[in-house]
Amino acid sequence: MRLSRLSRTTLGVVTALILVIVYVPLFVVLVNSFSTSTSLTWPPPGFTLEWWQKAFQSAGAMEAVLTSVQIAIIATLVSLALGTLISLALQRFDFFGRDAISLLVILPIALPGIITGIALNNFFRTIMGVPLSIWTVVIAHATFCIVTVFNNVIARLRRMGTSLEEASADLGAGVWTTFRLVTFPQLRSALLAGGLLAFALSFDEIIVTTFTAGSGVTTLPIFILNNMFRPNQAPIVSVIAVVLVLVSIIPIYLAQRLSSDTEQKAP
-8 MRLSRLSRTT LGVVTALILV IVYVPLFVVL VNSFSTSTSL TWPPPGFTLE
42 WWQKAFQSAG AMEAVLTSVQ IAIIATLVSL ALGTLISLAL QRFDFFGRDA
92 ISLLVILPIA LPGIITGIAL NNFFRTIMGV PLSIWTVVIA HATFCIVTVF
142 NNVIARLRRM GTSLEEASAD LGAGVWTTFR LVTFPQLRSA LLAGGLLAFA
192 LSFDEIIVTT FTAGSGVTTL PIFILNNMFR PNQAPIVSVI AVVLVLVSII
242 PIYLAQRLSS DTEQKAP
């Protein structure tokens, strides 16, 4: 499709405007993390590395980082296992209600986070009678992290077809052997991409976490929210926000590269 010069110019201007709106605030946060001002005045009166040093020496911040990493890793592992099994079931088998189940699997990521958080909070505390803890956060994160794994794996299964698996079965291989030697090697990059996206999604999630975390559970986003308006804490929060952005960019970039490389290699 060829666009007119006016159309290309319009699209270019709109794209540039959107990028400015998205990334200029992030740039401001980055600059403020080096500002000598404790109230984040603009423009910064001076630049210093003091806040970066204090941020990495903050016991509360380091504990929050460790908690977020633990939750993200466990939620990602759970999502990889369940997302893969659901994908195999929905793609490889035909049964009544398959489309409805597929919709229910994808729905959690489409729902507003506050709705998911309230629903899970009521489920844990009222129905199950379970106290809120780090494990309720893991379960809550897994409900929407499964979707990223599911979407990546089921898309790969649709492109793979079943010919190689059927050939393996014809040669006498069992279900586990076929999965280990035929199916899994073709799913590895999709699983890695889905896992990286799930980790990034869990690591910086705050709305659902707020409703499902106990009083003793402080993830990094919650730490930022709690300290954002405290005296002399704003520059430290800016430092942590910059680190959070960097940590989120890396898995998303790797997942994008894996997905694009796989699509280029596909016949």
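Throughout the sequence shown, residue numbering follows my numbering, covering -8 to 258 in sequence. The C-beta atom is built at its ideal place from N, Cα and C for all residues, glycine as well.
Who are residue i's beta bridge partners in DSSP?
i: Val28; result: Here residue 28 is Ser; the residue named in the question, Val, does not match the sequence. Its beta-bridge partners do not exist; DSSP assigns none.
i: Phe38; result: Ser26
Using DSSP with H/G/I as helix, E/B as strand and the rest coil, what is residue i?
i: Gly3; result: helix
i: Ala164; result: coil
i: Ser70; result: helix
i: Pro258; result: Unreliable placement is indicated for Pro258, whose pLDDT of 47 sits below 50; the coordinate value is still reported in the next sentence. Coil at Pro258, not helix or strand.
i: Thr134; result: helix
i: Ile240; result: helix
i: Pro176; result: helix
i: Trp33; result: coil
i: Phe87; result: coil
i: Ala204; result: coil
i: Arg150; result: helix
i: Met53; result: helix
i: Arg221; result: coil
i: Pro226; result: helix
i: Val121; result: coil
i: Thr169; result: helix
Can the beta-carbon of residue i be found closer than 8 Å to that of residue j?
i: Thr203; j: Val128; result: yes
i: Thr209; j: Ala55; result: yes
i: Ala52; j: Ile231; result: yes
i: Ile198; j: Ile137; result: no
i: Thr58; j: Ile125; result: yes
i: Leu123; j: Phe115; result: yes
In whole angstroms, what is the alpha-carbon distance linking residue i and residue j?
i: Ser267; j: Gly152; result: Here the chain covers residues -8 to 258 and nothing more, so residue 267 does not appear.
i: Arg(-4); j: Leu148; result: 41 Å
i: Gly165; j: Ala80; result: 17 Å
i: Thr0; j: Leu245; result: 31 Å
i: Ala257; j: Asn143; result: Caution is warranted here: a pLDDT of 48 is assigned to Ala257, below 50, making its placement in the model unreliable, and no coordinate value can be reported.
i: Leu98; j: Leu216; result: 27 Å
i: Tyr14; j: Val140; result: 28 Å
i: Val5; j: Ser78; result: 37 Å
i: Asp161; j: Leu155; result: 10 Å
i: Arg221; j: Asn112; result: 28 Å
i: Trp167; j: Arg150; result: 21 Å
i: Phe84; j: Ala225; result: 53 Å
i: Leu237; j: Val11; result: 19 Å
i: Ile118; j: Gln247; result: 40 Å
My understanding is that residue i touches residue j, with C-beta atoms under 8 Å, so please give their C-beta distance in whole angstroms.
i: Ala66; j: Ala133; result: 5 Å
i: Ser(-2); j: Ser229; result: Not a contact, Cβ separation roughly 40 Å.
i: Ser49; j: Ile227; result: 7 Å
i: Leu71; j: Gly186; result: 5 Å
i: Thr107; j: Leu182; result: That belief does not hold up - the Cβ atoms of Thr107 and Leu182 are roughly 24 Å apart, past 8 Å.
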